[in-house]
Amino acid sequence: MMAQKIILTIMIIAGFMFGPVENIAHADQKDPRLPNLFQQLALAANAQAAQRTAAEIWRIWSERSDDESLANLLKQGTSLMNAGRLREAEILFTNIIEKAPDFAEAWNKRATVYFLMRSYDQSKKDIAQTLIREPKHFGALSGLGLIEAQIGNYDAALDAYEKAVEIHPFLEGYKGIVDGLKKLIQGTAV
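For the sequence shown, this note's numbering assigns the number -16 to the initial residue and increments by one for each residue that follows.
Here it is as structure tokens:
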């Protein structure tokens, strides 16, 4: 029962971790502004500065000017996901991935859909694809941590969250998540 409460708390705190689900247009993980923004994020003086920088990173990941049709499909998929029409969103995100397999945010969004469908293995596969394309995708790493916690792999969950916080040191809710995971790990080790 205690483990379920901690997992529920982790899920509530981490609900945003797959990234914003509003106003997604098209991702560009190769943008030349990203290295500087990741450096700013790592060196942020406080949570407010970090959140502003993280929001800018998400905005850039949500841009892509080379294909308007992909932008429209991602917007449609995001709207469907927000409306709970997960199977339709999955189809659209899959269509985008087939057309533009380098599009990290399409993989990340489909990972989110699979998570919402409780298809954790499929979600983890798409997170892996996201991280191949954007190794600093703190949202995907956080999502991986959420999945690992949900399925009881607490050590792997802690590892994923720690990797995410290396990139985004003020990741919202991180301390509570890590504390909860450490309690679960200690409880399973006893």
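We put the beta carbon where it would ideally sit given N, CA and C, even for glycine.
Below-8 Å beta-carbon distance, residue i vs any chain C residue
i	result
A32	Note that chain C does not occur in the displayed structure, where there is just one protein chain.
Cα-Cα separation, residue i to residue j
i	j	result
L20	L56	27 Å
V148	I79	29 Å
Y137	R116	25 Å
A25	A38	14 Å
F76	S102	15 Å
L129	A140	7 Å
E88	R35	19 Å
H120	R68	25 Å
Q105	G60	17 Å
K13	Y157	27 Å
V96	E73	6 Å
A28	F98	33 Å
T113	Q169	31 Å
A123	R93	11 Å
Q31	S125	19 Å
F86	I110	12 Å
Q133	K166	15 Å
F153	R16	20 Å
Q23	A33	8 Å
E131	G159	16 Å
K82	H151	30 Å
S45	G163	31 Å
V161	E71	34 Å
I43	K146	21 Å
Simplified DSSP state of residue i, which is helix, strand or coil
i	result
D104	helix
E196	This structure gives no information on residue 196, because the portion of the chain shown stretches from -16 to 173.
E46	coil
I40	helix
R35	helix
E131	helix
Q23	helix
L154	coil
A28	coil
D162	helix
N55	helix
P18	helix
heavy atom of the ligand MG below 7 Å from residue i C-beta
i	result
G128	Only the bare structure without any ligand can be found here, which leaves the ligand MG out of the picture.
Open item on the list: Ignoring anything shorter than 4 residues, give me the alpha helix (DSSP H) runs that lie fully in the segment 58 to 123, in order along the chain.
Closed with: 69 to 82, 87 to 99, 103 to 116
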